[in-house]
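Each residue of the sequence shown is one higher than the one before, counting from 669 in the numbering used here. Even for Gly, the Cβ is constructed at its ideal location relative to N, Cα and C. For clarity, every value in this text was computed on a predicted model and none was experimentally measured.
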Amino acid sequence: MCQSDFPAGFPPSRGARRRRPLLAVLACATLLIGGLAGCSDSDGPARAVDAFLAGWRSGRLDHVAFLNPAGQQMAGTDVAAQIKDLSGQLAATPPKLKRTGEVKAGDELATATVAVDWTLPGGGHWTYPTTVRLKRDGDTWRVIWEPAVVQEKLTAGEQLAVRRLPAQRGAVLSGTGQPVVGRRWVVTIEVQPSQVTQAEALVRDLEAALRAVRPAITPVDLSDLPARLREADPNALVDVITLREEAYLRIKPRIYDLPGTRFRREQRELAPSREFARALLGTVDAVHREDLDKNPGVYAAGDMIGHGGLQGRYESRLRGTVGASVFVVRKTPEGAIEPTGTELFRQAPKAGAPLKTTLDIATQRAADAALRGDRRRTALVAVRISDGSILAAANGPDGGVENLAFTASVPPGSTFKMVSALGLLNAGAVTLTSPVECPKQFPIEGRSFKNSDDFALGTVPFRVAFAKSCNTAFASLAPKLGADGLADAGRSLGLEGTWDVGADAFTGKVSTGGSGAERAAAAFGQGTTVVSPLAMAGATAAVARGQWQQPKLVLDPAPAEAAPPGPELAASSVGPLRQMMREVVTAGTAVTLKDVPGQPVYGKTGTAEYDNNPANTHAWFVGWQGDVAFAVFVEKGGSSGSSAVPIAERFLRGFAG
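Dropping the structure here:
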C-alpha cells in the first residue's frame, strides 16, 4: 500500500479513502514499480505553495487562497498584513524563500517544507525550515494560515525583533605591538531645551569653559545652539560636544551645574591624545548618512566607522563583523512593545583584525608636542635610519586635517642642496675644500638668483657655501650636474620612486633638463622640483645610512608594492656630505641645535618660495640624530631659522627627554 501520499498528522478520512480516484491508485502503483519511496498528487498544491511564497516576498497575496486552522476562509490581504506585522523589524527586508523537496499531498491535505533565509543587519543570515500546510477545497488548494508559518515559535500578537551585536574594532598597534588606538572614555555634553531659559548666557558659559581645556582644543562655535534648542523637542537632549574624559574633568566644576546640561559617558576608539597622529590615523565616528547610502545593509544608525587616514583605508579589516540577536516581542494592550524572553537566533559578532604599524608612541608624542601651539599648517616625519620604520607622522595645528607629512607636494628649498651636493660629489665636480663663488646675486638667462637677506660670502670652500646655504653658489654649479645629474642623485635617495607605505604618500618629482635658469633654480630646491616631508625624511635617512631603504608604516597587512633597497651610495660622496650636514649645525644656519643633548645632530635648513613673490616662503629642516632621521615642514613659515629649526629643536629635546 502507498502510505506516503498523506503528510504525517493528516491521515485521510474514511470518505476520502472511498473517493480516491483510480488514476491516483494507478500512479501510486507505477511509482512503486519504479522503486520510488513515495507518490504525490502535488502539482496543484505545489503551485499554490509557490504562489504563496512569491506573495509573501512581494506583500501581495490577494491571488492566493487561505484557510485558518478552524477551516474558515481568509482574505489574502489579511494574511499579508499579518505577515508584515509578525515580521516586525525584519518586515522591510522580506526573506528569501525556497520550497525544498516535493510537496507531500493526499486527497485533501498536503504539506511542503520551505527554507526561510532572512538577511540580518551587517550582512549575516538567519536560515531555518518552516512547514506550509494546505487543504483541498473542491478544485482549489488553500494554504492553512497561522503565525507559526513565519516561524514555529510565533503566535498571534507577537513580532520578530532584531538587536545588532557590535563587533570589537581591531586595534591599531605600534611597532612594539602596543595599542595606539583603543577604547577610551569620553563624555558628551548635552542640553535639555525645557530646562534652559537663557540660551545665550548658557552658550557664553560653555564656550568660556571649553576655551580653558588644556591641551587646547579647536575653538568651538556654539552660536547655533540657541536655534537648535528652540527647534528641538523640549524634552529631547541636544548634543553640544564630546570631550575625552580627562578634558571634561578639567572643566567639570564650571559646567556641571549649568541649566539644562546633561552628561553621557561612553567609550570610543581613540588615540592616546586628540592630536596623536590624527591626520595619519583618521578618526572613528558615528556613521554618517552618506556612509549608510554607500554601504547599504552594512551599517546602521549608531554604528561607528573609520573616516580618513588608516581608519578609513582599513575600515573593512578593522570594523569586524557585527552579530545579531533575533528575538520575540509582543504588543501590550496599551500598544507598547515588550520582549517575551524568547531568543530565536544569535549570530556572535566577529572582532576586527588589528593593524600593525611601525609608529613609536614616545617619538610620536614628541613630534606632536613639537608642533603644538603653532597655528600654521605644519608637518614632522621621523624615520628610523636602520630599517626605514616610520616612527612618527605629526601634522598641525591640533593634529591636522590633511596628512601633509605624507602627501604635501611642495618645493623643498635649500634642503635640496643635500641632493645637489650629492650629485656634484658623485660627478667629481667639487670636494669639501673646492673654492666656490658666493656672490649676492647670480644672473642667468634673464633671471637673477639671490641669497636670503642678500648676503654674500665671496670665494669660500664648498663646505662653507653648503653650511651657510648659499643659493648663488649652487646656481652657478648647476651646469656641472648635467641634464640628469640632479634627478639621478634624487632617485638614488628614493625620490620619485614607486613605493607603498600602506597609506597615501607622495614620493617627489625632481626637475630634470630644462633651461639653464630652471636647472640653476632646481640646484637649490626651487624650479619644478616638489617633494613631501616623508620623501625628504627618507632621503635624509639614506644619506645617514649610506643606502636608501623604503620607509615603512603598515606591517600587517604588508603593502603589496614594497620597493627593494636602493644602490649603496658612494662612500667618497656620502662621507663628505655628512660632514657638511654636521657643519650646518656646528657653524652654519642651524647652530641653535648645537647644544641639543645626546648624539651629534646633522641637518640642512631650507626656505622655499612657492609663488612669484619672494616674500612668500615655506620653511624646512631635515636632519638626523642617532638612529632617527626627520623632516620638518612649515607652510608659509618664512625663515627656517625662526620656524622649522625651533620645531626641530623642540622635537629633539622632547624625544631625548
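Inter-residue Cα distance where the pair is residue i and residue j
{"i": "Ile-857", "j": "Leu-874", "result": "10 Å"}
{"i": "Arg-1033", "j": "Thr-844", "result": "15 Å"}
{"i": "Asp-1263", "j": "Thr-1140", "result": "30 Å"}
{"i": "Ser-726", "j": "Gln-740", "result": "24 Å"}
{"i": "Ala-1212", "j": "Thr-1273", "result": "16 Å"}
{"i": "Arg-1318", "j": "Gly-965", "result": "48 Å"}
{"i": "Gly-1306", "j": "Ala-1146", "result": "25 Å"}
{"i": "Gly-703", "j": "Arg-985", "result": "Per-residue confidence for Gly-703 stands at a pLDDT of 33, beneath the threshold of 50, marking its modelled position as unreliable; the derived number appears in the next sentence. Between Gly-703 and Arg-985, the C-alpha separation is close to 54 Å."}
{"i": "Gln-852", "j": "Pro-763", "result": "The sequence given here places Arg at residue 852; Gln does not occur at that position. Computed Cα separation, rounded: 39 Å."}
{"i": "Asp-1152", "j": "Ser-1311", "result": "33 Å"}
{"i": "Phe-1298", "j": "Ala-1209", "result": "8 Å"}
{"i": "Ile-1053", "j": "Tyr-1278", "result": "30 Å"}
{"i": "Thr-1175", "j": "Glu-1164", "result": "5 Å"}
{"i": "Asp-1028", "j": "Ala-1073", "result": "16 Å"}
{"i": "Thr-1197", "j": "Ala-1155", "result": "9 Å"}
{"i": "Gln-636", "j": "Asn-963", "result": "The question about residue 636 has no answer here: the residues shown for the chain are numbered 669 through 1325."}
{"i": "Pro-1001", "j": "Asp-753", "result": "16 Å"}
{"i": "Gln-1015", "j": "Ala-1061", "result": "39 Å"}
{"i": "Pro-713", "j": "Pro-789", "result": "34 Å"}
{"i": "Gly-1182", "j": "Arg-1250", "result": "32 Å"}
{"i": "Leu-1050", "j": "Ala-1191", "result": "Note that residue 1050 is Ala in the sequence shown, not Leu. If you take the alpha carbons of Ala-1050 and Ala-1191, they lie about 25 Å apart."}
{"i": "Asn-736", "j": "Met-742", "result": "7 Å"}
{"i": "Trp-1216", "j": "Gly-791", "result": "45 Å"}
{"i": "Thr-1031", "j": "Met-1248", "result": "26 Å"}
{"i": "Asp-709", "j": "Arg-715", "result": "Legend: pLDDT at Asp-709 = 42, less than 50; position of this residue unreliable, no value from coordinates given."}
{"i": "Val-1253", "j": "Gln-1267", "result": "12 Å"}
{"i": "Pro-1107", "j": "Ala-1258", "result": "21 Å"}
{"i": "Glu-868", "j": "Phe-931", "result": "20 Å"}
{"i": "Val-881", "j": "Ser-1179", "result": "46 Å"}
{"i": "Gly-1361", "j": "Trp-1292", "result": "This structure cannot settle anything about residue 1361, because the visible part of the chain is limited to 669 through 1325."}
{"i": "Leu-699", "j": "Asp-718", "result": "Legend: pLDDT at Leu-699 = 35, less than 50; position of this residue unreliable, value from coordinates given subsequently. Whole-angstrom Cα-Cα distance: 24 Å."}
Residue nearest to residue i in terms of C-alpha spacing, selected from the options
{"i": "Pro-1244", "options": "Lys-1262, Arg-831, Ala-1076, Gly-1096", "result": "Gly-1096"}
{"i": "Leu-911", "options": "Leu-905, Ala-1188, Arg-898, Arg-933", "result": "Arg-933"}
{"i": "Ala-748", "options": "Glu-814, Ala-1143, Gly-1305, Pro-1219", "result": "Glu-814"}
{"i": "Gly-1041", "options": "Ala-1050, Ser-1057, Gly-1067", "result": "Gly-1067"}
{"i": "Gly-1009", "options": "Glu-826, Ala-1207, Gly-1184", "result": "Glu-826"}
{"i": "Thr-745", "options": "Leu-828, Asp-1172, Asp-730", "result": "Asp-730"}
{"i": "Leu-1012", "options": "Ser-1116, Ala-816, Pro-1219, Asp-907", "result": "Ala-816"}
{"i": "Asp-1326", "options": "Asp-775, Gly-774, Pro-797, Leu-777", "result": "Because the chain is modelled from 669 through 1325, residue 1326 falls outside the range shown and cannot be assessed."}
{"i": "Ala-939", "options": "Pro-789, Gly-1003, Val-854, Val-908", "result": "Val-854"}
{"i": "Ala-1171", "options": "Trp-1216, Thr-1196, Ala-1228", "result": "Ala-1228"}
{"i": "Val-849", "options": "Leu-833, Ala-760, Gly-974, Pro-894", "result": "Gly-974"}
{"i": "Pro-1233", "options": "Pro-1225, Leu-1161, Ala-1255, Ala-1173", "result": "Leu-1161"}
{"i": "Trp-794", "options": "Glu-776, Gln-819, Asp-807, Ala-773", "result": "Gln-819"}
{"i": "Val-662", "options": "Leu-735, Met-1204, Val-1302, Val-1253", "result": "The chain is shown from 669 up to 1325; residue 662 falls before or after that span and cannot be answered."}
{"i": "Val-1290", "options": "Gly-1064, Ala-869, Pro-1314, Pro-847", "result": "Pro-1314"}
{"i": "Val-994", "options": "Gly-976, Pro-1107, Arg-942, Arg-831", "result": "Arg-831"}
{"i": "Leu-1039", "options": "Glu-1105, Thr-1026, Phe-944", "result": "Phe-944"}
{"i": "Lys-1220", "options": "Asp-1168, Leu-1237, Ser-1200, Gly-1193", "result": "Asp-1168"}
{"i": "Gly-1184", "options": "Thr-1166, Val-1132, Ala-1135, Phe-1117", "result": "Phe-1117"}
{"i": "Val-1302", "options": "Trp-1292, Val-1296, Asp-1295, Thr-1285", "result": "Thr-1285"}
{"i": "Leu-926", "options": "Leu-917, Leu-870, Ser-1137", "result": "Leu-870"}
Residue i at chain C interface by Cβ criterion, 7 Å
{"i": "Ala-900", "result": "Structure shown: chain C not included; a single protein chain is present."}
Cβ separation of residue i and residue j, assumed to be a contact under 8 Å, to the nearest whole Å
{"i": "Ala-1143", "j": "Ala-1188", "result": "4 Å"}
{"i": "Trp-1288", "j": "Thr-1083", "result": "5 Å"}
{"i": "Ile-923", "j": "Ala-877", "result": "5 Å"}
{"i": "Val-800", "j": "Thr-779", "result": "7 Å"}
{"i": "Lys-1024", "j": "Leu-897", "result": "Contact doesn't hold; Cβ gap of about 46 Å is too wide."}
{"i": "Phe-1130", "j": "Val-1098", "result": "5 Å"}
{"i": "Val-908", "j": "Leu-890", "result": "7 Å"}
{"i": "Gln-757", "j": "Ala-835", "result": "With 8 Å as the limit, Gln-757 and Ala-835 do not qualify as a contact, their Cβ atoms being about 20 Å apart."}
{"i": "Ala-1276", "j": "Gly-1056", "result": "The pair is not a contact, with the Cβ atoms about 25 Å apart (cut-off 8 Å)."}
Proximity test, residue i beta-carbon vs the ligand PLP heavy atom, cut-off 6 Å
{"i": "Pro-1244", "result": "With respect to the ligand PLP, the structure offers nothing, as it holds no ligand at all."}
Exercise for the section: Mind the definition here: the region 938-952 touches the region 973-983 only if three or more C-beta pairs lie below 8 Å; say whether that holds. Expected result: yes
Exercise for the section: Entirely within the region 1087-1167 and at least 3 residues each: give me those beta strand (DSSP E) ranges in chain order. Expected result: 1103-1106, 1109-1112, 1115-1118, 1126-1129
Exercise for the section: Taking only runs that begin and end inside the region 1194-1231, name each unbroken alpha helix (DSSP H) of 4 or more residues, in chain order. Expected result: 1201-1213
Problem - Any 3 or more C-beta pairs closer than 8 Å across the region 835-843 and the region 1016-1032 - result: yes
Handout entry: Segments of 4+ residues assigned as alpha helix (DSSP H) that fall wholly inside the region 1013-1051
Key = 1029-1039
Exercise for the section: Jot down the residue ranges of each uninterrupted beta strand (DSSP E) in the region 887-927, minimum 3 residues, whole runs only, in chain order. Expected result: 906-912
Handout entry: Length at least 4, wholly inside the region 813-892: the alpha helix (DSSP H) runs in chain order
Key = 867-879
Handout entry: Meets three-Cβ-pair contact criterion under 8 Å: the region 1077-1091 and the region 1238-1254
Key = yes
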